[in-house]
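Take a look at the structure set out below.
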Amino acid sequence: AGAPDAEHRFEWRFPQLPVREYVHAEAVEAALGDADVVIVHEWTDPEIVAFVGRLKIRGARFQLLFHDTHHRAVSDPAAMAAFDLSGYDGVLAFGEALAEIYRQRGWGRQVFVWHEAADTRIFHPQAQAAPERDVVWIGNWGDGERSEELETFLLGPAERAGLSLTLHGVRYPEAVRARLAARGIAHRGWLANADAPGVYARHRMTVHVPRRPYAETLPGIPTIRVFEALACGIPLISAPWSDSENLFRPDTDFLMVRSGTEAEAAMRLLRNEPETRKALARSGLARIRDRHTCAHRVDELLEILASLSPARRRSRGESQGYAAP
27 AGAPDAEHRF
37 EWRFPQLPVR
47 EYVHAEAVEA
57 ALGDADVVIV
67 HEWTDPEIVA
77 FVGRLKIRGA
87 RFQLLFHDTH
97 HRAVSDPAAM
107 AAFDLSGYDG
117 VLAFGEALAE
127 IYRQRGWGRQ
137 VFVWHEAADT
147 RIFHPQAQAA
157 PERDVVWIGN
167 WGDGERSEEL
177 ETFLLGPAER
187 AGLSLTLHGV
197 RYPEAVRARL
207 AARGIAHRGW
217 LANADAPGVY
227 ARHRMTVHVP
237 RRPYAETLPG
247 IPTIRVFEAL
257 ACGIPLISAP
267 WSDSENLFRP
277 DTDFLMVRSG
287 TEAEAAMRLL
297 RNEPETRKAL
307 ARSGLARIRD
317 RHTCAHRVDE
327 LLEILASLSP
337 ARRRSRGESQ
347 GYAAP
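If you read the sequence shown in my numbering, its first letter stands for residue 27, the second for the next number, and so on.
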């Protein structure tokens, strides 16, 4: 869980994003009445997913898309099969491997790849005189999906290299927190996502440790942490994952390591060679700005919407995207 004041902080930080709670389905229908596009995320209750789809079938004017940014298609396929997507114009999947699963199982009328990205209005390098600590990792402990990998690629290497290590995240069992404290590892608990850039600025490097479903069954999907970290200009070390869609340039935009020994060596390299840190950070940041900002994804979404309704696009004229800041 987040901090007690998390909702108020969110409202203060993002006043342009009102949060509304709907008790009855009729209220959902009313809220969508003037919408041009509706995107329903896969963590939405299946009954609501089906209800919105029925609105579309009954003649609602909006274009309707289902957005999946998780691994449940492989880790809990029964839950995903329960979704009724018959009324949806298409599916947005955050990687080709996931999109192919949807196609093979007949989930969705059309399936499009829509990768994660960084909102560079929030995730960008911060002014900081000098890093205060060595390594930071932002992530939840979870339910055993990567406990072994965290020891192999993060905890053990940092400890052997004698580097200070900070962890942010939730769902760390009490026994785990005690073991971390005994090893001199700082666990800072929950962190608001918008506060991550400042945390990255106070550290020399970060590490990406993919959950097992992504590493083993959904290749090519690094999750959003990689995009956001690189956008902040922090050097990144990553445990193995297959960049099958060429989103990044391994060992140019970040350092890919395949063992604990390699992870330790990479940490020592970045700790001891400031110029290497700077070069890696510059490359990763440039890759984000060139290909992976939210502005890029908006343009891609507009293209997807146009492909779903070319006649509507001709009647209303070309839609305009927005430029990355």
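For glycine and all other residues, C-beta sits at the position ideal for the given N, C-alpha and C.
On a predicted model such as this, the values are computed, not experimentally measured, just so you know.
Local Cβ density within 10 Å of residue i, reported as buried at 16 or more and exposed below that
{"i": "Glu52", "result": "exposed"}
{"i": "Val235", "result": "buried"}
{"i": "Glu200", "result": "exposed"}
{"i": "Asp277", "result": "exposed"}
{"i": "Gln89", "result": "buried"}
{"i": "Arg12", "result": "A query on residue 12 cannot be resolved here, the shown segment of the chain reaching from 27 to 351 and no further."}
{"i": "Arg297", "result": "buried"}
{"i": "Tyr128", "result": "buried"}
{"i": "Trp133", "result": "buried"}
{"i": "Glu290", "result": "buried"}
{"i": "Arg342", "result": "Because Arg342 sits at a pLDDT of 40, beneath the cut-off of 50, its placement in the model cannot be relied upon, and the following sentence gives the value as read from the coordinates. Exposed."}
{"i": "Phe109", "result": "buried"}
{"i": "Ala125", "result": "buried"}
{"i": "Trp355", "result": "The structure shown does not extend to residue 355, since the chain is modelled only from 27 through 351, so no value can be given for it."}
{"i": "Val137", "result": "buried"}
{"i": "Arg338", "result": "Unreliable positioning characterises Arg338 in this predicted model, as indicated by a pLDDT of 46, which lies under 50. The coordinate reading is nonetheless provided below. When all chains shown are included, Arg338 counts as exposed."}
{"i": "Asp279", "result": "buried"}
{"i": "Phe40", "result": "exposed"}
Span separating the alpha-carbon of residue i from that of residue j
{"i": "Phe36", "j": "Ser270", "result": "35 angstroms"}
{"i": "Tyr98", "j": "Arg186", "result": "According to the sequence provided, residue 98 is Arg. The question's Tyr does not apply to it. If I take the Cα positions, the gap works out to 35 angstroms."}
{"i": "Cys320", "j": "Asp145", "result": "5 angstroms"}
{"i": "Pro72", "j": "Leu327", "result": "24 angstroms"}
{"i": "Ala255", "j": "Val63", "result": "30 angstroms"}
{"i": "Arg323", "j": "Arg308", "result": "22 angstroms"}
{"i": "Gly85", "j": "Arg135", "result": "17 angstroms"}
{"i": "Pro44", "j": "Thr178", "result": "42 angstroms"}
{"i": "Asp160", "j": "Arg230", "result": "5 angstroms"}
{"i": "Arg228", "j": "Ile314", "result": "21 angstroms"}
{"i": "Glu288", "j": "Leu262", "result": "14 angstroms"}
{"i": "Ala222", "j": "Ser335", "result": "38 angstroms"}
{"i": "Arg147", "j": "Gly224", "result": "13 angstroms"}
Pair within 9 angstroms by beta-carbon distance, residue i and residue j
{"i": "Ile211", "j": "Leu191", "result": "yes"}
{"i": "Leu366", "j": "Met293", "result": "Lying outside 27 to 351, the shown extent of the chain, residue 366 is not represented and no answer is given."}
{"i": "Leu118", "j": "His93", "result": "yes"}
{"i": "Gly168", "j": "Tyr114", "result": "no"}
{"i": "Ile250", "j": "Thr70", "result": "no"}
{"i": "Ser268", "j": "Gly246", "result": "yes"}
{"i": "Leu281", "j": "Leu306", "result": "yes"}
{"i": "Phe253", "j": "Ala143", "result": "yes"}
{"i": "Gly259", "j": "Tyr226", "result": "yes"}
{"i": "Arg197", "j": "Asn166", "result": "yes"}
Proximity winner among the options, relative to residue i (alpha-carbon distances)
{"i": "Ala220", "options": "His213, Phe149, Ala86", "result": "Phe149"}
{"i": "Arg238", "options": "Ile127, Glu171, Arg135", "result": "Glu171"}
{"i": "Glu33", "options": "Ala218, Pro300, Ile330, Tyr240", "result": "Ala218"}
{"i": "Val233", "options": "Pro248, Thr243, Glu242", "result": "Pro248"}
{"i": "Lys82", "options": "Ser101, Glu55, Ala208", "result": "Glu55"}
{"i": "Glu68", "options": "Gln152, Asp102, Ala61", "result": "Asp102"}
{"i": "Val49", "options": "Glu122, Ala61, Val66, Ile74", "result": "Ile74"}
{"i": "Ala123", "options": "Leu295, Thr243, Asp279", "result": "Thr243"}
{"i": "Gly182", "options": "Glu158, Ala156, Arg209, Pro157", "result": "Arg209"}
{"i": "Val66", "options": "Leu91, Ala57, Arg284, Arg46", "result": "Leu91"}
Min CB distance residue i to chain B below 9 angstroms
{"i": "Ala227", "result": "This model lacks chain B altogether; it includes just one protein chain."}
Inset, instruction - Note down, one range per segment and in chain order, each beta strand (DSSP E) of at least 3 residues found wholly within the region 49-86. - result: 63-67
Inset, instruction - Run through the region 72-151 for me and flag every whole alpha helix (DSSP H) of 4 or more residues, listed as ranges in chain order. - result: 72-83, 98-101, 103-107, 122-131
Inset, instruction - Tell me the start and end of each unbroken alpha helix (DSSP H) in the region 243-304 that is at least 4 residues and wholly inside, in chain order. - result: Residue ranges of uninterrupted alpha helix (DSSP H) with 4 or more members, entirely inside the region 243-304 and ordered along the chain, are 250-257, 286-298.
Legend entry - Every unbroken alpha helix (DSSP H) within the region 142-212, with a cutoff of 4 residues, ordered by chain: For the alpha helix (DSSP H) assignment, the uninterrupted runs of no fewer than 4 residues enclosed by the region 142-212 are, from N- to C-terminal side, 173-176, 182-186, 200-208.
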